[in-house]
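Reviewing the structure listed below.
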Amino acid sequence: MSDVPIERSPIKLLVGRIAIPVSFCALVAILLLPLQGLTPAGQAMLGILAMAVILWVTEAMAYPISALLIALLMTLFLGLIPNPDTGSVIGTSKAILQAMKGFSSPSIIVISGALIMAAAMQATELDRRIARAILSRVHPSPGAILAGCLLIGVVFSFLVPSPTGRTAVQVPILAGVVATLGLGAQSRFAAILVIGAAQVSTVWNVGVMTATGHNVAGLELMAEHSGYSLTWAKWLLYAGPWSALMTIILFVILRRELNGVSFGSDTISLTGNREPLNHQQKRLALFTLILITSWVTEGFLHHITVPATMLIMAVCLLLPGLGVFSSWKEVEKCLPWGVIVMFGVSISLGQQLVNTGAAAWLAESCFSALDISLFSIPLLVVAMTSFSIIMHLGFASAMSVTVALLPVFLAFSSTLPPSMSENAMGLVLLQLFAVSFGMILPVNAPQNMVAYSTGYFDTRTFARIGLQLTVASLLTFALFAATWWKWTGLLV
Numbered sequence: 001m002s003d004v005p006i007e008r009s010p011i012k013l014l015v016g017r018i019a020i021p022v023s024f025c026a027l028v029a030i031l032l033l034p035l036q037g038l039t040p041a042g043q044a045m046l047g048i049l050a051m052a053v054i055l056w057v058t059e060a061m062a063y064p065i066s067a068l069l070i071a072l073l074m075t076l077f078l079g080l081i082p083n084p085d086t087g088s089v090i091g092t093s094k095a096i097l098q099a100m101k102g103f104s105s106p107s108i109i110v111i112s113g114a115l116i117m118a119a120a121m122q123a124t125e126l127d128r129r130i131a132r133a134i135l136s137r138v139h140p141s142p143g144a145i146l147a148g149c150l151l152i153g154v155v156f157s158f159l160v161p162s163p164t165g166r167t168a169v170q171v172p173i174l175a176g177v178v179a180t181l182g183l184g185a186q187s188r189f190a191a192i193l194v195i196g197a198a199q200v201s202t203v204w205n206v207g208v209m210t211a212t213g214h215n216v217a218g219l220e221l222m223a224e225h226s227g228y229s230l231t232w233a234k235w236l237l238y239a240g241p242w243s244a245l246m247t248i249i250l251f252v253i254l255r256r257e258l259n260g261v262s263f264g265s266d267t268i269s270l271t272g273n274r275e276p277l278n279h280q281q282k283r284l285a286l287f288t289l290i291l292i293t294s295w296v297t298e299g300f301l302h303h304i305t306v307p308a309t310m311l312i313m314a315v316c317l318l319l320p321g322l323g324v325f326s327s328w329k330e331v332e333k334c335l336p337w338g339v340i341v342m343f344g345v346s347i348s349l350g351q352q353l354v355n356t357g358a359a360a361w362l363a364e365s366c367f368s369a370l371d372i373s374l375f376s377i378p379l380l381v382v383a384m385t386s387f388s389i390i391m392h393l394g395f396a397s398a399m400s401v402t403v404a405l406l407p408v409f410l411a412f413s414s415t416l417p418p419s420m421s422e423n424a425m426g427l428v429l430l431q432l433f434a435v436s437f438g439m440i441l442p443v444n445a446p447q448n449m450v451a452y453s454t455g456y457f458d459t460r461t462f463a464r465i466g467l468q469l470t471v472a473s474l475l476t477f478a479l480f481a482a483t484w485w486k487w488t489g490l491l492v
């Protein structure tokens, strides 16, 4: 087997050093700009957002360190900037609660539970058992294994109503595949496999209404605004073909990244492990089956949400006598605490962009500058989707983007000229699709962070693939706006 490990070149190291002062300059520049209609706190949040994106893209600091810096800046700016109406300040005691509010998000429970589940898979070596069983039925070539893993992600999208949950189930199995193939944690194949699991989950958030919670929440907002409704089958008709096409494109992008990677005929044994499962493996397999079943049946057999079932799973895995760990120390050394810190702070950043009005101001400023009468429908779709993609850089979950942007798009749809008014709800629905486009940075979606927690790839690798996938998504959106969505009646 030949593979190439991920290394940081001298140029990348130099960029990392330059990025820190550049990020601070971006923060100061935005603070000094004369922005009309935006509160001082909102302006500060835009500056922190610009700084954060620079640090995240360049990885000039480790993610947990940049997260703590962002939390500090939010605490200081939100706590010490006077209210323009009253002149009073809320103080750092209250501001630090806002800067840390993301840690009370249910998404943190899902992320933490997923990491505990991954640690359990590794501790019991059930991940390797599953991986060996899969590999014994697949031709041992990089393309075949990659295609099989993407197909698993597609199937899970119809069964598991949580992109984080889907990725959490896949990542330990993929880690087992990597270990079974004898690859190191920094191998290119390991990185591509895990990135593919996160990205295919994102792509099928668009294709299946029940693949993620923000789809349903967005439809509820649309129903409240205009009475618009959509069936599960109709959603699949509109979005399923797009997701299918993007899955093929994702495979092509990832396969190109694997140029130079090959497996020898003796790399793996094509016979599965015939030894019976031990008690811990059986217990973990049962818990995992119950967890997936609870996700699949949510909404019609029970009303226990994904975060709640993930919490139940985590507790069961940790309880003495019931779980699979011998002690808490065994769990502690397997958990990447920095991922939890990073995700909690990034959720807080998205929340404060909404609470300070910065997100709405940015959206309204951009769309007020457009002369809609000069736009064709495909061009308008591209413009709106491009804005959604840019805004997603500052948010850690699609639900946050939905809450921040969908009301803006609904208001925008009511200002369309008569020649475009028939497309109003169709255009808004397409932006509900585009809300899922958190493909560029690991912090843009919980499933990305689950994949990032493996340590198999750096931010640049993820961003390089994510940018290609984002550009392809934008172009295919324009293509579908001119063809499929007109043929099916979503647009006219």
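Residues in the sequence shown are numbered consecutively from 1, following full-length UniProt numbering.
Quick reminder that beta carbons are idealized off the backbone N, C-alpha and C, glycines included.
Whole-angstrom C-beta distance between residue j and residue i, which should lie under 8 Å
i      : j      : result
VAL443 : SER346 : 5 Å
VAL408 : LEU474 : Between LEU474 and VAL408 the Cβ distance is about 19 Å, and since that is not below 8 Å, they are no contact.
THR164 : ILE111 : 7 Å
TRP204 : GLY153 : 7 Å
PRO336 : PRO106 : With 8 Å as the limit, PRO336 and PRO106 do not qualify as a contact, their Cβ atoms being about 20 Å apart.
GLY213 : LEU432 : The Cβ separation is near 12 Å, so there is no contact.
LEU55  : ALA99  : About 16 Å separates the two Cβ atoms, so there is no contact after all.
LEU317 : ILE173 : Actually they do not touch by this definition, with Cβ atoms about 16 Å apart.
GLY79  : ILE90  : 6 Å
VAL206 : TRP242 : 6 Å
ILE389 : THR470 : 6 Å
TYR456 : VAL194 : 5 Å
MET51  : PHE24  : 7 Å
GLN468 : ILE312 : Rounded, the Cβ-Cβ distance is 38 Å, inconsistent with contact.
THR75  : ILE109 : Not really, about 24 Å apart at Cβ, beyond 8 Å.
Reference residue i; option with closest CA among the options
i      : options                        : result
THR454 : ILE108, GLN122, PRO34, GLY37   : GLN122
THR305 : ASN259, GLY321, PHE387, THR210 : THR210
ARG129 : VAL178, LEU151, GLY143         : VAL178
GLY406 : GLU422, SER421, LEU429, THR415 : The question names Gly, but residue 406 is Leu in the sequence shown. Among GLU422, SER421, LEU429, THR415, the Cα nearest to that of LEU406 belongs to LEU429.
THR476 : ALA239, LEU230, HIS392, PRO34  : ALA239
ILE372 : LEU150, LEU416, LEU250         : LEU416
ALA114 : ARG166, VAL354, ILE96, LEU146  : ARG166
ASN355 : LEU27, LEU219, GLY42, LEU159   : GLY42
PHE462 : ALA197, ARG283, LYS282, TYR228 : ALA197
LEU146 : ARG464, LYS234, THR75, ARG255  : ARG255
SER386 : ALA314, VAL22, ALA478          : ALA478
PRO276 : LEU362, LEU126, GLU364, SER66  : LEU126
ILE48  : ALA398, LEU353, LEU319         : LEU353
PRO446 : ALA168, SER229, GLU422         : ALA168
ALA360 : LEU150, GLY344, MET391, ILE377 : MET391
VAL341 : THR58, ALA52, ALA71            : ALA71
GLN36  : MET51, PHE24, GLU364           : GLU364
VAL450 : ARG283, PHE156, SER201         : SER201
LEU291 : THR459, GLN281, MET310         : MET310
GLY143 : LEU379, GLY344, LEU374, GLU257 : GLU257
VAL155 : ILE96, LEU97, ALA244, PHE189   : ALA244
VAL401 : HIS225, MET420, LEU38, GLN351  : GLN351
THR39  : LEU374, TRP485, LEU362, LEU441 : LEU362
SER397 : ALA119, PHE480, ASN448, LYS282 : ASN448
ARG460 : LEU27, TYR63, ALA26            : TYR63
Residue(s) in a DSSP beta bridge with residue i
i      : result
HIS302 : GLU298
Span of the alpha helix (DSSP H), counted from its first residue to its last, around residue i
i      : result
LEU349 : 337-355
CYS366 : 358-368
CYS149 : 142-159
VAL171 : 163-180
GLY455 : Per DSSP, GLY455 belongs to no alpha helix (DSSP H) and is neither H nor E.
THR385 : 377-392
GLU330 : 328-332
GLU220 : 213-226
VAL53  : 40-58
THR247 : 232-257
ALA62  : ALA62 -> no alpha helix (DSSP H), and no H or E assigned at all.
SER93  : 91-99
LEU427 : 424-434
Check whether the region 421-441 touches the region 177-186, taking contact to mean three or more Cβ pairs, one atom from each stretch, closer than 8 Å. no
Quick test of the definition: if touching needs 3 or more C-beta pairs under 8 Å, does the region 297-315 touch the region 20-40? no
For the pair the region 63-83 and the region 281-300, tell me if three or more CB-CB distances fall below 8 Å. no
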